[in-house]
Structures are given as C-alpha cells and as structure tokens.
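This report refers to the structure that appears directly beneath it.
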Amino acid sequence: MGLVATARSGFEVDLTRLEARQGSVVGRIEIGGLGDRHLAQLVFDRTGRTLSPPQLRRLKELSGGSPYHALELVSADDTGLGVPESLAGA
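Residue 15 in my numbering sits at position 15 of the sequence shown, and the numbers go up by one each step.
Spelled out as structure tokens, the structure:
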C-alpha cells in the first residue's frame, strides 16, 4: 500500500508514527516555486501581460513562486502588484 501526501513548507509534519512502523519507507521531496522565467511565461500565456522586472520580482516575492497565487495576484491588480484586499486575509 502506498500513500502520497502534501504539506506546505514551513509547517512541521509529524511522520514519526508512520516512520516507526516496521517496513515503512518515508521519502520526502521538496518542490519549490516557479523561477522568474517560468513565472513570467505563465503570466504571459494566461493573461497576455508582460511584467517589468520589478513587477516580476514583486510577484515572485508575494506569491512565493506559486502559480495559482501568482495568477490570482495578477488578475486582482492592474499595475502595482500590491496584495489585493481579497487575498490579504489569506
């Protein structure tokens, strides 16, 4: 039997009970956010918008490279890439 699970980085996930079981093998793969080039391409492909280098840096900073979050930020703001009120609570 296999199990695939995800956890957001920065949150400690206690897998000790699973690791303690006889025959259990736990592997971890950390997946980072998109890099600048891929983030810029995603935004262009989905919105037709080309971001300036400062806008791209700000978008990457705010989204952590998360494609979904980046697209939400771009669609919610037209120029400054500040945190939209709709996402501020999240």
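Note that CB positions come from ideal geometry on N, CA and C, so glycine has one too. A quick note: this is a predicted structure, and the numbers were derived from the prediction, not measured.
According to the DSSP assignment, Thr6 belongs to no alpha helix (DSSP H), since it is labelled neither H nor E.
A Cβ-Cβ distance of about 6 angstroms is found for the pair Leu39 and Gly65, placing them in contact under the 8 angstroms criterion.
If you look at Leu62, you'll find it in the alpha helix (DSSP H) that goes 53-63. Ala76 and Leu59 do not touch by the CB rule: their CB atoms are close to 12 angstroms apart, not below 8 angstroms.
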